[in-house]
Amino acid sequence: MLSGLRHSLSSLLFRARADRSLDAELEFHLEREIEKNISKGLPPAEAARKARIELGATVEHLKDQCRDEWRTNPWDNLRQDIPFAVRSLKTNPAFTLGALLTLALGIGANTALFSLVNGVLLKPLPFLAGERLVRIQHLTPAATFGISPTELTDLRTRAQSFEELVEFHTMTFILLGRREPEQVQVGVVSARYFDFLGVPPLLGRTFRPDEESHNAEPVLVLSHAYWKRSHGADPGVVGRKFRMNDRVHTVVGVLPPLPDYPVAIDVWMPVTSCPFRSAPATRQNRNARMITAIGRLKPGVASAAPELEALTAALRREHPEAYTQQPPELKLTTVSVHQELTEKARPTLLLLWAATTLVLLIACSNVASLNMARLLRRNRELAIRTAIGASRGRILQQLATESFLLAAGASLIGVALAAAALKGLTEFILPLTPRATEVALDTTALVFTLGLVLFTTLVFGVLPPLLRKENLTSSVKDGSPAVTQSTRARSALVAVQVALSFLLLIGAGLLARTVINLQSVDAGFQSNRVLTFRVSPNFSKYTTNDQYRSLFERMLASLRAEPGIESAAIAFKFPLDQRLPANQTLRLEGEDAAEAARRPTVDFRIVSDAYFETMRIPVVAGRSFSAADSRDAQPVAIVNDIMARRRWPGKSPIGHRIAFGTNQTMRTIVGVVGNVRQYGLDSEAAEELYMPFAQLPGGTAFVVRSAVEPALLASRIREVVYAIDPEQPVVEMRTMDEVRAVALASPQLRALLLTLFAGVTLLITVTGLSSVLSLAVTQRRNEISIRMALGASRSSVLGMVVRQGLTVVCLGLAAGLSAALLLTRLLGAFLFGIQPTDYVTYLAASVSLLLVAAIACALPARRAVAIDPVLALRSD
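Start counting the sequence shown at 1; every next residue gets the next number (this note's numbering).
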């Protein structure tokens, strides 16, 4: 076997030498044959002539047998097939161009979506043993909480399920030392945080263990995104010093690109550099649940849940004073880091990938249909090739070569389309998962594309001729069973395309109506001409509530005095700003803490006077906050309408008093305001409690209603803030219209992409339908001529052809309707204000598809009625 393999490789690599050797060997046999004839008494010339006659009839056959022994015939055939395939495709440019573009769209869309799915859902996390990373949290039926430093110490000393535990929390600080003050999001972490995650620095170093001691020099590590954005990717930033929290910090390193987990961070510092984390009051407070703990499960540990549940019970027994205010359902639990990073994006990615898979299937079926029509036109060629000795396998190899060239060309175009589309798709998915930054057209995506090439080659290149049962040597005539069989197969393919197109049209219609519903939803406030921005004071400079309150009240007074500003207010949070709810247990007057803990929590908000007027949130009953609700005035609160109806059914809440948990300060309800969709246009309003900023300072945001275009006030607002404190940055300045647009961006783009896919598939489908009817008209040319010669009107012929096409469409619609009724239920999570079985959408999609199909049928029908029966019958 090895000897034969060596001989085959030698024959393939040194083909000319092998051919010369073969010619010499056959010349030797010719000479022996001549000598044999001479020995029989023939003259030399006659002996040579007879030898050539006898041997010449089999020379080429002998050569073929020898080459078969060399095992190089497949390569010889391929060298012949490729140029022939190129010539064959060039002779039919319409088919070639249509097939290339159709397949390129399907392959490009699938390659781009696979790159997203692979980068977000399939690739391992860029962390050491990322599949075993978990986040530890306190879980209740209503919310989740972090853990406290003392609880982290308990976990490190008592939990046996983890290899190691590190901590993380985030703070907003002001970085000084550049031309302007800069607010940065700071990640406060254990010194071993980056070693734990297996993240090496891009520049410099990360933290050393000794830098977690309280007397260590303050150091910073910059994130890659912040380094590029604010420092221009300057490698000289390592070693520079910046002032933050009244301390000078030295930059010691820059990180490589990483997913933003748990949140997006600008700079990192050790826990001892954070004035809040390092304060004794925090370190010793078991209720200071400000930490995100990240652990790595030991190999073989499937879940730490049983151990954490037992530890929760033990801590309740040992420290009852720290858990009396917490609900009894509070328990320590874990969540996979990989799951956290992907769970929001997973449904959208799988939906879009399913849509692109349908696009590819439709493209393949359409090209298969076109290929079957092309085979009918090549019957004479294939019959001749079969008659002169070509086997069925040899013909299939030639057809497969043509199909592979088409699929390969479409793949090259598709990869270019995927690369162009990937940037936009990445920006679309980025709000759903930070792993979108890892998406790229890598080797895995290219291997996937190669798989698509092989799949498409099989579907539309080899499968159609395999399905044809007739002998290729037979002369196929119009109306023969072979033609009928091919026409039926092509019609079935078109019906499949119609069904798949209908599915995508229904999905696009449902998502489009969802966007329309979201755009028209009443969010409970008016976003026009409202500007928002945030001011986060320097914690080392404003250390008391009075200083904090004074700063914001001075800023608010200056803003209200500015021309062009109708009203302004302070808010802890404003609607749709994507921040988490601040839920608290609410205790009604006369109710004990245990009874209150059994009630649902409420979302509390801190706002200044004029907030409801600025946001145009209606006051349903009572009054809004005013300047009289000062620090020394009676504590008051305002509730929203949902809370008023649920907590005080059938009566007014005004005058009733409430408090948080075990807090003894009772607040009197002075007003009821309208409900606001705070956390999304598609989310229902929840119970909310508003408290005045003057009595409970806690706001960091301003909302300003302008008499002019809000963007024109941006520079003036910064001047107002800098005039009060030149070290105070202004961040996140956006109009409420922009905030609302961000809330709509994801469903809008989802609907746009699915509509685009539906449009492409509809175009492919009607093209396939038109080609099927065109071929049918050509095949039935004589029949149509006879009908018209016998008196059939042009309108009847036109109707006959259109009916033939619409029959296929109706069959496809019926199949698509059945599939849609089952599969559109999977879209339920993406819909708002509409049911998956909405009959209006189904009716609109059906009518649209029928209208477009009718137009596609009309074109070949016009060709049918244009036939001159006399000329057609004479030519036959």
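Using N, Cα and C, we set each Cβ at its ideal position, and we do this for glycine too. Being a predicted model, the structure only gives us computed values, none of them experimental.
When rounded, the separation of the alpha-carbon atoms in Leu396 and Leu493 is 21 Å. Under the 10 Å beta carbon count, Leu511 is surrounded by 16 or more other beta carbons and is classified as buried.
Minimum Cα-Cα distance from Val166 among the listed residues Arg178, Pro181 and Asp195 corresponds to Asp195. Around the CB of Arg158, fewer than 16 other CB atoms lie within 10 Å, so the residue is classed as exposed. Between Thr668 and Val636, the gap from beta carbon to beta carbon is short of 7 Å. The segment 719-738 makes contact with the segment 550-565; the number of CB pairs closer than 8 Å reaches 3 or more. Comparing alpha-carbon positions, the option among Thr614, Thr735, Ala714 and Glu589 lying closest to Thr665 turns out to be Glu589. Burial check for Leu821: the Cβ neighbour count within 10 Å stays below 16, so the residue is exposed. The segment 272-282 and the segment 108-121 do not touch, with fewer than 3 CB-CB distances between them shorter than 8 Å. Nearest in C-alpha terms to Leu197, of all of Thr841, Phe127, Phe757 and Leu203, is Phe127.
Rounded to the nearest angstrom, the Cβ distance from His138 to Arg289 is 6 Å, consistent with a contact under 8 Å. With respect to Thr111, Gly414 sits close: the two C-beta atoms are nearer than 7 Å. Residue ranges of uninterrupted alpha helix (DSSP H) with 4 or more members, entirely inside the segment 186-264 and ordered along the chain, are 193-197 and 224-231. When rounded, the separation of the alpha-carbon atoms in Ala420 and Ala109 is 11 Å. Boundaries of the beta strand (DSSP E) harbouring Ser706: Ala701 to Ser706, taken from the DSSP string. Annotation for Ser161: Leu297, Lys298, Val301, Ala304 and Glu307 place their beta carbon closer than 7 Å to its own, counting only its chain and skipping 5 residues before and after. Pairing Leu332 with Asp266, the inter-Cα distance amounts to about 29 Å. Annotation for Leu105: Val760 place their beta carbon closer than 6 Å to its own, counting only its chain and skipping 5 residues before and after. Val447 and Arg247 have their C-alpha atoms some 52 Å from each other. In this structure, DSSP gives Thr614 a helical state, which the three-state scheme calls helix.
If you draw a straight line from the Cα of Leu859 to the Cα of Leu125, it is about 54 Å long. Cα atoms of Ala410 and Val801: separation of roughly 33 Å, rounded to the nearest angstrom. Between Arg286 and Thr444, the C-beta gap is not smaller than 7 Å, which leaves the two residues out of contact. Phe830 carries a helical assignment under DSSP once its states are collapsed to helix, strand and coil. The criterion of a C-beta distance shorter than 7 Å is not satisfied by Val673 and Pro575. Inter-residue distance for Asp442 and Lys90 is about 33 Å (C-alpha atoms, whole angstroms). The C-beta of Ser213 has fewer than 16 other C-beta atoms within 10 Å across all chains shown, which makes the residue exposed. Between the C-alpha atoms of Val498 and Arg579 there is a straight-line separation of about 44 Å. Judged by DSSP secondary structure, Thr532 falls within the beta strand (DSSP E) whose first and last residues are Val530 to Arg534. At a Cβ-Cβ threshold of 7 Å, Pro218 and Ser273 count as neighbours. According to the DSSP assignment, Ala815 belongs to the alpha helix (DSSP H) that extends over Arg794 to Leu823.
Here DSSP, grouped into helix, strand and coil, assigns Asn663 to coil. Residue Ser846 holds the alpha-carbon nearest to the alpha-carbon of Gly816 among Asp838, Leu258 and Ser846. Inter-residue distance for Gly768 and Ala85 is about 23 Å (C-alpha atoms, whole angstroms).
For Gln398, the enclosing alpha helix (DSSP H) starts and ends at Arg392 to Ile429.
Just so you know, the alpha carbons of Leu430 and Thr437 end up roughly 7 Å apart.
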